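Trainee:
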Amino acid sequence: MQLIAQYLAMDHRSQLGTLDIALLVRALESKGADLRALLAQQGIAEYDWSRSESTLSYTDKLKLFHAAVQLYPNEGLGLLAGRQMDLHQFGVLGYAIRTSPSVLDAVKTGFKYLRLNGPLFTVRLTVDGERAALQIEEAVDISELLPFCCEFFLAAVVSIYRQLTGQAMPLIQLSLPYSSPIYCHQYRSVFDCPVHFNQASIELIFPRSALELPVAQYDAVALRHSLRSCQAIVETLESSQSLVQQIKSRFYQQPMTPPSLEELAQDYGCSSRTMRRELAKYGVTYQAIRNEVMASLATELLLQTELTVEEIGYRLGYSDVANFRRAFRTMTKLTPSSLRSSHVQGEAGFEVTRKDFLRAT
């Protein structure tokens with residue numbers, strides 16, 4: 001047996017991504033749940049799940065999962081949520097996955113950068129002869145939530161495979177360590193393979209050849225840029241994260257609605273004057289950081305997309321294209337049109353480090 005790739009779950013004290021919460025919220029909405037009341041009961045009513053930078057603790061995530069399952073017991077809520085997985089909502093990681101050359105490359109990329117969305121499981125991909133297996137282990141004991149979390153994750157895997165290849169994932173068998181639920185017929189419709197309950201481990205087995213299929217939207221240039229973005233974000237997460245790095249990350253993640261100096265100060269529990277003073281220690285100002293990020297994002301959009309200058313300005317928070325043109329010229333000494341028309345790869349001198357904000361395109 002050969003280990004091909006693995007994702008080791010984050011420490012239980014870490015903050016986790018909330019892509020799965022956004023999918024769960026959508027599933028609950030489809031069932032007519034009172035989301036406002038449910039989220040308020042968990043103390044997380046103020047969260048904006050559409051923001052890629054949103055995070056949630058293990059404890060809060062499990063509390064919400066538990067409340068949702070209690071609200072709709074024995075209905076296969078995890079299967080419903082997982083089937084709604086859409087790579088276009090996966091941010092920069094989804095962009096890297098769906099532009100990979102093959103399913104195997106997509107899996108390796110996904111495992112390498114999966115911490116950007118922080119699932120609860122440790123996941124391994126192994127191959128043995130003509131068979132491949134996705135093996136899952138609990139990072140923490142989630143007891144009665146294990147069926148829900150398994151259903152959620154595995155249904156999402158099947159959905160992603162179809163999005164990558166345009167084909168159903170050819171599964172051989174699924175082994176699960178818990179008893180068969182009363183809605184087990186839903187497993188057959190989702191996985192279309194023999195499902196064995198009360199097993200020693202969690203394992204999804206499929207033909208090794210399924211990993212060799214090409215990805216329909218493979219794009220070498222887009223992949224290169226999105227991988228660079230993934231790596232830059234992970235390095236920021238793994239660094240000590242200076243104040244400047246943290247603020248840059250906020251701007252990259254919220255290009256249309258960048259936080260004001262006052263909003264940043266409030267988030268850090270200080271006054272705007274104190275925030276200015278702290279930034280001065282790094283030799284920068286709020287406006288300088290914002291200009292650097294906006295110039296980088298604008299340059300990437302101008303050189304790597306066919307969006308109009310007006311559309312680019314809108315994506316960066318400018319309702320008036322004239323204001324965007326003036327701001328861009330102030331930041332770069334070039335007009336957007338002149339940069340685009342005279343483009344030679346790299347001549348603009350800006351290092352492009354983010355592409356996740358393009359997830360809506």
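Here the sequence shown is numbered in our numbering, starting from 1 and rising by one per residue. Every residue gets a Cβ at the ideal spot worked out from N, C-alpha and C, and that includes glycine. Remember, it's a predicted structure, so these values are computed and weren't measured experimentally.
So, under 8 Å CB-CB, Leu303 and Ile312 are touching, yes? Tell me the CB distance rounded to an integer number of Å.
Mentor: Actually they do not touch by this definition, with Cβ atoms about 11 Å apart.
Trainee: Just mark Leu3 as buried or exposed, buried being the case when its beta carbon has 16 or more other beta carbons within 10 Å.
Mentor: exposed
Trainee: Just reading off the beta strand (DSSP E) that Ser30 is part of, what are its end residues?
Mentor: For Ser30, there is no enclosing beta strand (DSSP E); the enclosing alpha helix (DSSP H) has its first and last residue at Leu19 to Ser30.
Trainee: So what's Ser240 in DSSP terms, helix, strand or just coil?
Mentor: Below a pLDDT of 50, predicted positions are generally treated as unreliable, and Ser240, at 42, falls in that range; the measurement from the model is reported next regardless. Ser240: coil per DSSP, three-state reduction.
Trainee: Going straight from the alpha carbon of Ser240 to that of Arg329, what length do you get?
Mentor: Because the pLDDT of Ser240 is 42, which lies under 50, any placement of that residue in the model is unreliable, and the question is left without a value.
Trainee: For Glu128, which beta-bridge partners are listed by DSSP?
Mentor: Strictly speaking, residue 128 in this sequence is Asp, with Glu absent from that position. Answer by DSSP bridge pairing, in chain order: Arg131.
Trainee: What would DSSP say about Leu87, mapped onto helix, strand or coil?
Mentor: helix
Trainee: For Leu3, report the span of its beta strand (DSSP E) as first-last.
Mentor: For Leu3, the enclosing beta strand (DSSP E) has its first and last residue at Gln2 to Tyr7.
Trainee: Near Ile289, what residues of its chain come up, given a Cβ to Cβ distance below 8 Å and the 5 sequence neighbours on each side ignored?
Mentor: Cβ contact annotation for Ile289 (same chain, cutoff 8 Å, sequence separation greater than five): Val244, Ile247, Lys248, Phe251 and Leu279, in chain order.
Trainee: On the criterion of 16 or more Cβ atoms from any shown chain inside 10 Å, does His185 qualify as buried, or is it exposed?
Mentor: exposed
Trainee: Look up Val107 in the DSSP assignment and give the residues it is bridged to.
Mentor: Answer by DSSP bridge pairing: none, since Val107 is not bridged.
Trainee: How long is the line joining the alpha carbons of Cys149 and Gly283, rounded to whole angstroms?
Mentor: Going by the C-alpha atoms only, they are around 46 Å apart.
Trainee: With a Cβ-Cβ cutoff of 8 Å, do Leu176 and Phe197 count as a contact?
Mentor: yes
Trainee: Quick one: Cα of Glu227 to Cα of Ile182, how far?
Mentor: Sequence inspection shows Leu at residue 227; the Glu mentioned does not correspond to that position. Computed Cα separation, rounded: 42 Å.
Trainee: On the three-state DSSP scale, how would you describe Ile202?
Mentor: Looking at Ile202 - three-state DSSP - the assignment turns out to be strand.
Trainee: Would you list the residues sitting across from Val215 in a DSSP beta bridge?
Mentor: Val215 pairs with nothing; no bridge assigned.
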